[in-house]
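Okay, structure first, notes after.
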Amino acid sequence: MKTKDKVLRALLNHREEELSGQTMADHLGVSRNAVWAAVKTLQKEGVPIRALPNKGYRLPTTYDPLQASYFKKTLVESAPLWVYPTVDSTNDQLKNLARAGALHGSAVLADHQSAGKGRMGRSFYSPALTGLYVSVLLKPDPSFQVGLNTTLKAAVLAARCLEKYGAPPIGVKWVNDLYTSHGKVAGILTEATINMENGMVDTVVVGVGINLLPPAGGFPEDIASHAAALFSPDHYQPIKNPLAQDLVEAYRELLTEDQDHALLSEYRERSVVLGKEVLATMGDRKIVGTVKAIRDDGALVLERADGQLENLMSAEVSLRGDFGFGSNR
Ligand code: BTN
Numbered sequence: 347m348k349t350k351d352k353v354l355r356a357l358l359n360h361r362e363e364e365l366s367g368q369t370m371a372d373h374l375g376v377s378r379n380a381v382w383a384a385v386k387t388l389q390k391e392g393v394p395i396r397a398l399p400n401k402g403y404r405l406p407t408t409y410d411p412l413q414a415s416y417f418k419k420t421l422v423e424s425a426p427l428w429v430y431p432t433v434d435s436t437n438d439q440l441k442n443l444a445r446a447g448a449l450h451g452s453a454v455l456a457d458h459q460s461a462g463k464g465r466m467g468r469s470f471y472s473p474a475l476t477g478l479y480v481s482v483l484l485k486p487d488p489s490f491q492v493g494l495n496t497t498l499k500a501a502v503l504a505a506r507c508l509e510k511y512g513a514p515p516i517g518v519k520w521v522n523d524l525y526t527s528h529g530k531v532a533g534i535l536t537e538a539t540i541n542m543e544n545g546m547v548d549t550v551v552v553g554v555g556i557n558l559l560p561p562a563g564g565f566p567e568d569i570a571s572h573a574a575a576l577f578s579p580d581h582y583q584p585i586k587n588p589l590a591q592d593l594v595e596a597y598r599e600l601l602t603e604d605q606d607h608a609l610l611s612e613y614r615e616r617s618v619v620l621g622k623e624v625l626a627t628m629g630d631r632k633i634v635g636t637v638k639a640i641r642d643d644g645a646l647v648l649e650r651a652d653g654q655l656e657n658l659m660s661a662e663v664s665l666r667g668d669f670g671f672g673s674n675r
C-alpha cells in the first residue's frame with residue numbers, strides 16, 4: 347500500500363481529533379516529510395484534509411467515501427463486489443458484468459456516476475461524494491415470477507436500511523421514488539433481461555441512488571424544487587460503507603417469496619399517494635384520479651372522476667399538494 351493510501355486510511359479511522367504528522371509518521375514507519383507529501387497529494391486529488399497549525403490533520407465527517415476494504419469477507423466471497431470512486435452507471439457496469447457471466451448477488455458500488463440513469467430513459471443526477479449508488483445482480487429461480495413489484499420491494503428495503511442509519515421517516519411514491527418531508531431523497535431503477543427461449547426473466551439488476559448530503563452548490567435547477575438530501579452536513583456521521591453493505595445483503599434476498607407479503611404491505615403503509623388525488627402521465631395521455639389501491643403485482647389502481655377504474659403498470663405519477671403536480675425527477 348502506498349504511503350498516501352496509508353495516510354488516508356489513518357485519517358478515515360481517526361476523525362474525532364487532529365492527527366499530527368509526527369504521530370502518523372511514527373505509526374506508519376515513514377518520515378514526517380513523507381506524510382506531509384502524501385497529504386499534499388491527497389489534497390490535490392480533492393480529498394478535503396484540513397490542516398491545523400501545531401495540531402495536525404483531520405477529515406470532516408461529511409467526507410465519507412466507499413472503501414473496498416470495509417466490506418465483509420463473507421459478502422465478497424459469495425459473489426464479487428466492485429467499488430468505484432466514479433463510474434458511468436452502476437447498473438450499466440453490472441449489466442456488462444452479467445453478460446460476462448457474473449454471479450447472482452454480484453454488486454457494483456460507486457461514490458459518483460457520470461451517466462446515472464433514471465426511469466423512462468432519463469438521467470439521474472449522481473454527484474461525487476454526497477450520494478451513494480448501488481446496483482445488485484439477481485438471477486431468479488425459474489419458478490419465481492419477477493414483476494413490477496420487484497421495484498416496490500426494493501424501495502421498502504432501501505427505506506428500512508436508510509431509517510436504520512438515522513434517516514427521517516421515508517415515504518414511497520409509486521413506483522420507485524423515496525421521499526422525506528423535504529422531497530425526493532432516492533430512486534430505484536430495476537432492469538431485467540428475458541430469455542427468449544422460455545420467456546423467463548433470467549437476470550435482474552436493481553439499482554438505488556441515494557442523496558445522502560446536499561451536493562456542493564446545491565441540486566441543479568431542474569430538480570431543485572423536489573430533490574432533497576437525507577442528512578444535514580452539520581449532523582452527519584459517516585455511514586456509507588455499512589449502509590451499502592446492508593443494501594447489498596438485503597437486495598440479494600429480494601427475489602424470494604418469503605418476504606413478499608410483508609414488503610408489499612409495508613409499501614402501502616409508506617405510500618404517499620394511496621388515497622390521494624394524482625396526475626398520471628403515460629406518454630401523451632394524462633389522467634387525474636384518486637389512488638384506490640396498489641395491487642400485489644405492483645399495479646396502481648386509479649379511480650377517475652367518472653368512477654372508472656384504471657390499472658396502471660407504468661406511468662409518471664405526481665401528487666397534488668405536498669409536491670405539486672410537477673415532475674418527479
Ligand atoms: C429514478 O429516480 O428514476 C431512478 C433512479 C435510479 C438511480 C440508480 S443509481 C444506481 C443505479 N445506476 C443507475 O444508473 N441508476 C440506478
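In the numbering used here, the protein residues as written are 347 to 675. Every residue gets a Cβ at the ideal spot worked out from N, C-alpha and C, and that includes glycine. What you are looking at is a predicted structure, and each value in this text was computed from that prediction instead of being measured.
> If you compare alpha carbons, which of GLN591, ILE585, SER435, ALA645 is closest to LEU613?
Replying inline: Translated into the one-based positions of the sequence shown, residue 613 becomes position 267. Leu is not the amino acid found at residue 613; the sequence shown has Tyr there. The shortest C-alpha separation from TYR613 is found at ALA645.
> For GLY684, which three-state DSSP category applies?
Replying inline: Since the first residue of the chain shown is 347 and the last is 675, residue 684 is not available in this structure.
>> Buried or exposed, going by whether 16 or more other CB atoms sit within 10 Å of the CB of LEU498?
In response: Position 152 of the sequence shown holds residue 498. With a 10 Å radius around the Cβ and a threshold of 16 neighbouring Cβ atoms, LEU498 comes out buried.
> Around the Cβ of ILE556, are there at least 16 other Cβ atoms within 10 angstroms (buried) or fewer (exposed)?
Replying inline: To locate residue 556, count along the sequence shown from 1; it is residue 210. The residue in question, ILE556, is buried, as its Cβ has 16 or more Cβ neighbours within 10 Å.
>> Can you find the residues in the same chain that come closer than 6 Å, C-beta to C-beta, to MET546, ignoring five residues on each side of it along the sequence?
In response: Numbered from 1 along the sequence shown, position 200 holds the residue referred to as residue 546. Closer than 6 Å at the Cβ level, and outside the excluded window around MET546, lie PRO488.
> Can you tell me the Cα-Cα spacing of PHE669 and ALA639, whole angstroms?
Replying inline: In the sequence shown, the residue the question calls residue 669 occupies position 323. In the sequence shown, the residue the question calls residue 639 occupies position 293. Low confidence applies here, because PHE669 scores a pLDDT of 43, under 50, leaving its location unreliable and the question unanswered by this model.
> Taking contact to mean at least 3 C-beta pairs separated by less than 8 Å, is the region 507 to 523 in contact with the region 390 to 407?
Replying inline: They do not touch, by the three-pair rule.
>> the ligand HEM and TYR479: does any heavy atom of the ligand fall closer than 7 Å to the residue's C-beta?
In response: Inclusion of the ligand HEM in the displayed structure is not the case, the ligand content consisting of the ligand BTN alone.
> What do you get for ILE540, buried or exposed, if any count of 16 or more other CB atoms within 10 angstroms of its CB means buried?
Replying inline: As a working mapping, residue 540 is identified with position 194 in the sequence shown. Exposed, since its Cβ has fewer than 16 Cβ neighbours within 10 Å.
> CB-CB under 6 Å to ASP410, same chain, minus the five flanking residues each way: which ones, in chain order?
Replying inline: By 1-based counting over the sequence shown, the position of residue 410 is 64. Within the same chain, and ignoring the five residues on either side of ASP410 in sequence, the residues whose Cβ sits closer than 6 Å to its Cβ are PRO584, LYS586.
>> So for LYS530, helix, strand or coil by DSSP?
In response: Looking up residue 530 in the sequence shown gives position 184. Three-state result, LYS530: strand.
>> Let's test the definition: count the other Cβ atoms within 10 Å of the Cβ of VAL634 and tell me whether it reaches 16, buried, or not, exposed.
In response: Within the sequence shown, residue 634 is the residue found at index 288, counting from 1. Label assigned to VAL634: exposed.
> Hey, would you say the C-beta of PHE565 is under 7 Å away from at least one heavy atom of the ligand BTN?
Replying inline: Numbered from its first residue, the sequence shown carries residue 565 at position 219. Within the chosen limit of 7 Å, the ligand BTN does not reach the beta carbon of PHE565 with any heavy atom.
>> Once the 5 residues before and after THR627 are set aside, which same chain residues still bring their CB inside 7 Å of it?
In response: Walking along the sequence shown from the start, residue 627 turns up at place 281. ALA661, GLU662.
> Does the Cβ of GLN676 lie closer than 7 Å to at least one heavy atom of the ligand BTN?
Replying inline: The question about residue 676 has no answer here: the residues shown for the chain are numbered 347 through 675.
>> Is the separation between the beta-carbon of THR549 and that of ALA444 shorter than 8 Å?
In response: One-based indexing of the sequence shown puts residue 549 at position 203. One-based indexing of the sequence shown puts residue 444 at position 98. A contact, by the Cβ cut-off of 8 Å.
> When we look at the beta-carbon of ARG616 and count the other beta-carbons within 10 Å, is it buried (16 or more) or exposed?
Replying inline: Along the sequence shown, read from residue 1 onward, the residue named residue 616 stands at position 270. ARG616 comes out buried.
> With distances taken from CA atoms, which of VAL353, GLN389, ARG396, ARG404 is nearest GLU363?
Replying inline: In the sequence shown, the residue the question calls residue 363 occupies position 17. Out of VAL353, GLN389, ARG396, ARG404, ARG404 has the C-alpha closest to the C-alpha of GLU363.
> Would you say ASP523 touches the ligand BTN, meaning its beta carbon is less than 7 Å from a heavy atom?
Replying inline: Residue 523 sits at position 177 when you count from the first residue of the sequence shown. It does: the Cβ of ASP523 is within 7 Å (strictly closer) of some heavy atom of the ligand BTN.
> Rounded C-beta distance between SER481 and ASN522? I'm assuming under 8 Å.
Replying inline: The residue you call residue 481 lines up with position 135 of the sequence shown. The residue you call residue 522 lines up with position 176 of the sequence shown. With 8 Å as the limit, SER481 and ASN522 do not qualify as a contact, their Cβ atoms being about 14 Å apart.
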